[in-house]
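Student:
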Amino acid sequence: MGNTLTVIIGILGSLLALAGVILHSYLATRVWIGTVMIIAGIVFLVILAILHYRQIKNLAGLRQTRFGANTLIFTLIILAILVLVNFLSVRHNLRKDFTREGLFTISPQTIKVLKELKSEVKITSFFKDKSPEQDKFKDLMQEYQRYSPLFKVVEIDPDKEPTIAQNAGITQYGTIVVEAQGKSVKVKEISENELTNNLIKLTRKEIKKICFLDGHAERSLEDKEKEGLSQLKDTLESVGYQTRELNLMEEERVPTECQLLVIAGPRKSLLPHEEDMISQFLQGGGAGLILADPDSAPELARIAAKFGIELGNGYIVDFVSRIFGGSLTMPLVTKYAVHEITANFRPATLYSLVRPVKKLENPDYMVVELAQTGDQSFVTQQKITTAEKMKFDPKKDTKGPVTIAAVSASKPKSLPDEDNPGKPEIGSRLAVFGDSDFASNSLFNFSGNSDLVLNVINWLSQEKDLIAIRPKARAPSLVHLTPGQGLLIFYLSVVGLPLAILGFGLVIWWRRRRK
Amino acid sequence: MKKIQALVTKELGSYFISPVAYVIIFIFLGVSGFLFFQILSYFNLQSIQMMRYPGLLDRLNLNDMVLFPFFHNVVVFFTFLIPVLTMRLLSEEKKLGTGELLFTSPITTTEVVLGKFFAAAAVILVMLLFSFVYPLMILIFGNPDVGPIFTAYLGLFLLGSAAASLGILMSSLTENQVIAVISAWGVLIFLLIIGWAAQSVGPTFGAVLQHLSILEHFQSFSKGIIELKGVVFYLSFIFFTLFLTQRVLDSQSWR
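These protein sequence lines are chains A and Z, in that order.
For what it's worth, the working numbering labels the leading residue of the first sequence as 10, then goes sequentially.
For what it's worth, the working numbering labels the leading residue of the second sequence as 480, then goes sequentially.
1. Can you find a C-beta in chain Z that's less than 8 Å from the C-beta of A:H489?
2. Can you give me the C-alpha to C-alpha distance between Z:L546 and Z:T720, rounded to a whole angstrom?
3. For Z:I647, report the span of its beta strand (DSSP E) as first-last.
4. List, in order along the chain, the chain A residues whose C-beta lies closer than 9 Å to that of Z:I496?
5. Short of 8 Å Cβ to Cβ, which residues in the stretch 693-709 of chain Z face chain A?
6. Pick from Z:T724, Z:L691 and Z:Q725: whose alpha carbon is nearest that of Z:G709?
7. Using a Cβ cut-off of 7 Å, pull out every chain C residue sitting near Z:Y501, in sequence order please.
8. Using a cut-off of 8 Å between C-beta atoms, extract the partners of Z:P614 located in chain A.
9. Can you grab the Cα-Cα spacing for the pair Z:E490 / Z:I504, in whole Å?
10. With burial defined as no fewer than 16 other Cβ atoms inside 10 Å of the residue's Cβ, what is the status of A:T180: buried or exposed?
11. Does the CB of Z:I561 have a neighbour CB from chain A at under 8 Å?
12. Just mark A:D106 as buried or exposed, buried being the case when its beta carbon has 16 or more other beta carbons within 10 Å.
13. Would you mind stating whether Z:L615 and Z:F636 have Cβ atoms separated by less than 8 Å?
14. Going by DSSP in three states, A:L511 sits in which element: helix, strand or coil?
15. Taking beta-carbon pairs under 7 Å, can you tell me which members of the stretch 654-669 of chain Z lie near chain A?
16. Per DSSP, which one or two residues make a beta bridge with Z:R567?
17. Taking Cβ positions only, does Z:F719 come closer than 8 Å to chain A?
18. With a Cβ-Cβ cutoff of 8 Å, do A:I290 and A:E254 count as a contact?
19. Using a C-beta to C-beta distance shorter than 7 Å, which residues of chain A count as neighbours of Z:V711?
20. Give a yes or no on whether the C-beta atoms belonging to A:V263 and A:I287 are separated by under 8 Å.
21. Taking Z:Q517 as the reference, give the member of A:L496, A:E164 and A:L54 with the closest Cα.
22. What's the gap between the Cα of A:G512 and the Cα of Z:S493?
23. Which of the three DSSP states is assigned to Z:V605 in this structure?
24. At 7 Å on the CB atoms, spell out the chain A contacts of Z:P627, in chain order.
25. Which stretch, first to last residue, makes up the alpha helix (DSSP H) that contains Z:Q698?
26. Does the beta carbon of A:L104 come closer than 8 Å to any beta carbon on chain Z?
27. Short of 8 Å Cβ to Cβ, which residues in the stretch 629-652 of chain Z face chain A?
28. Just verifying my parser: in three-state terms, what is the DSSP assignment at Z:Q656?
29. What residues of chain A sit near Z:S520, judged by a beta carbon separation below 7 Å?
30. Does the Cβ-Cβ distance between A:F146 and A:L123 come in under 8 Å?
31. Going along the chain, which unbroken runs of the alpha helix (DSSP H) with 4 or more residues stay wholly within the stretch 238-281 of chain A?
32. Assuming the contact rule is C-beta atoms closer than 8 Å, A:Q381 and A:P410 should be a hit. Round their C-beta distance to whole Å, please.
33. Within 8 Å of any Cβ in chain A, is that where the Cβ of Z:F611 sits?
34. Using a C-beta to C-beta distance shorter than 8 Å, which residues of chain A count as neighbours of Z:I527?
35. If the criterion is Cβ atoms closer than 8 Å, does the pair A:K420 and A:D460 meet it?
36. Is there a Cβ of chain Z sitting closer than 8 Å to that of A:I393, yes or no?
In structure tokens form, the structure reads like this:
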């Protein structure tokens, strides 16, 4: 057997197999020619092995059986240990994300939801095989699965198993089905936000209902214009709340199905019996959110006062927001109190035409002033004019920082008292904002506004899990090469560096030969 | 340790005195440089075209669209170059009979194997250091995320070291350098393709095959994630092949 033949067979075999591999890895679909090439390559390599059987036998042969067996056992032990180590590393895999934006790390809220899972959750994905979305989904699922053994993922290729996809009612690539506790939901957008909130929706026992007071020219849930609350409504529903409008004229009391009553900037007065119904509802352990603009119904101040929160008069003027193109009466808030709602909450929030809010002393309630404007702001009783004319008047105005939102919760010890039925029961919660614009469509998407509203509502309805996870945005990362820079890179990377290395090697080789 | 150091120095000397290392680095840099330039100039073109649509600019990303494809195209080529680097290491000793000398000297076979391996790893490091010019240029002219660049390089180094240890094992089995390099390629191809089989076999066995697939673990590194299982796989692969090499060398004293 000539050495040349060996070399030819070996090279041919390897090249064929390599070409097959390359063909397969660069084409999205498997082509038969690639498979044939790989098989042919392997056959060649096997022929090579047979031709050199004796050589191989000599190499692997066990002439000294004792040593051979010894080595074999030793090798097997090492192999077993390595298998175990690898198994453990897969089981208890650690991942460290080194991307700038933490692209492959899920938020602490999601981790909490996963850790609290009590029954199995099954995710079935229907991706076109090897699509970039599938890749993204797999990465996300790896993260999810790390935190709960109850989180199961099944991948179905709808092209290979069309019946399963059909039975599941899948009409689109990239759909995933989340199943838990006998319920299931289809998700078409693959993001942590969508997945986690659907997970919460499925595993939660009850769906909480938020009632929005209606009948006094409040901001409307259905209104899609600037004034309306349609975006707030959509957001609430996307994280699993139900919303409804509530007209108290038709009711005897606030319905018990309302976990939270929102009063969003009513411009007309509330009737006395409505005011009573709301107070009773709140004192009886209900939760309320009052968004009171300076021109809102005066009854709101009376209700808030019962819970230790004063709704003041006048407008807040803030010069800082002009930098952002806002007007004088749009205070910017960057300071938040230490509170469950604002824990880890940093972004600025923007308001428009705001009245001040103040904490009152009340033995039955824990009141916290939640958000304050900056030092340059003040409360004015003057008529609002242009920025140039507007000056702080020490006689009429109060210097900032000004509180614009406060929350009140009944103190735990204040149990219902028969002698004093006016005393609140456990669980009354109220949040009061001196503004309703910040939650309306016009400002809802500004910086932290939507998150703050959602955090407040979650706190009020005792729903701490529901979250808004912002998609991980990647900052644009670009190059703009001038033709000169392009040429420089070309000469450096394609020509210069490789040739320099080769030249250096040649010089050394040549000098050695001369010696 | 001193003996290993001496061996590494000696091996590195023979790498860089002969033209072998230079030619391999030249080929590696030539091919990868060309690839890099192609990808980068296409991206540059896209960037200029996208300027007209500022809303779409955040879709452009140097990491996703230049570095990630670059690493993915280079990695296979890189892996297959390594056995060429290592094919000589033990088969030559065998052929020239210098092995006898080496193996009868007070140096243990473990030290020989480690010395050869560390020398090869050092050459790989040099190779990768030179290729770092490309990300460096992106860093100068753009603002890529640095994290994934470093994790990708760590992945390349681990993968390259694994290929080197496999190459050393193969070169210990034969005195023919061509057979050494080709059989190393054979094993590498096998380790590449078993990952595909993972899709058609059951989930448990599939996961095993996936884990054994040598390029699989590089995926995470190239995205910017360091995974314990990936690091453990490469290290155990290196350890096991080097262990086998040491056994092969040892066996020469009793066969």
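Glycine included, every Cβ here is placed at the ideal spot set by N, Cα and C.
If you're wondering where the values come from, they're calculated on a predicted model, not measured in any experiment.
Tutor: If we stick to the structure as given:
1. yes
2. 31 Å
3. Counting along the chain, Z:I647 sits inside no beta strand (DSSP E); it lies in the alpha helix (DSSP H) bounded by residues V625 to L652.
4. For a Cβ distance threshold of 9 Å, residue set I517, W518 and R521 of chain A lies close to Z:I496, ordered along the chain.
5. S699, K702, G703, I704, I705, E706, L707 and K708
6. Measuring from the Cα of Z:G709, the nearest candidate turns out to be Z:L691.
7. Although the question refers to chain C, the structure presented lacks it and instead comprises the protein chains A and Z.
8. Within chain A, no residue comes near Z:P614; the closest Cβ sits about 11 Å away, beyond 8 Å.
9. 16 Å
10. exposed
11. no
12. buried
13. no
14. Looking at A:L511 - three-state DSSP - the assignment turns out to be helix.
15. V657, I658, I661, W664, G665 and I668
16. Paired residue(s): none; Z:R567 is not in a bridge.
17. yes
18. According to the sequence provided, residue 290 of chain A is Phe. The question's Ile does not apply to it. The Cβ atoms of A:F290 and A:E254 lie no closer than 8 Å to each other.
19. V94, N95 and S98
20. yes
21. A:L496
22. 17 Å
23. helix
24. F107 and T108
25. E695 to K702
26. The displayed chain sequence assigns Arg, not Leu, to residue 104 of chain A. Chain Z, which has a Cβ nearer than 8 Å to the Cβ of A:R104, makes this yes.
27. F629, T630 and L652
28. helix
29. Simply G495.
30. no
31. 239-247
32. Sure, about 4 Å apart at Cβ, within 8 Å.
33. no
34. H489
35. Not a contact, by the Cβ cut-off of 8 Å.
36. no
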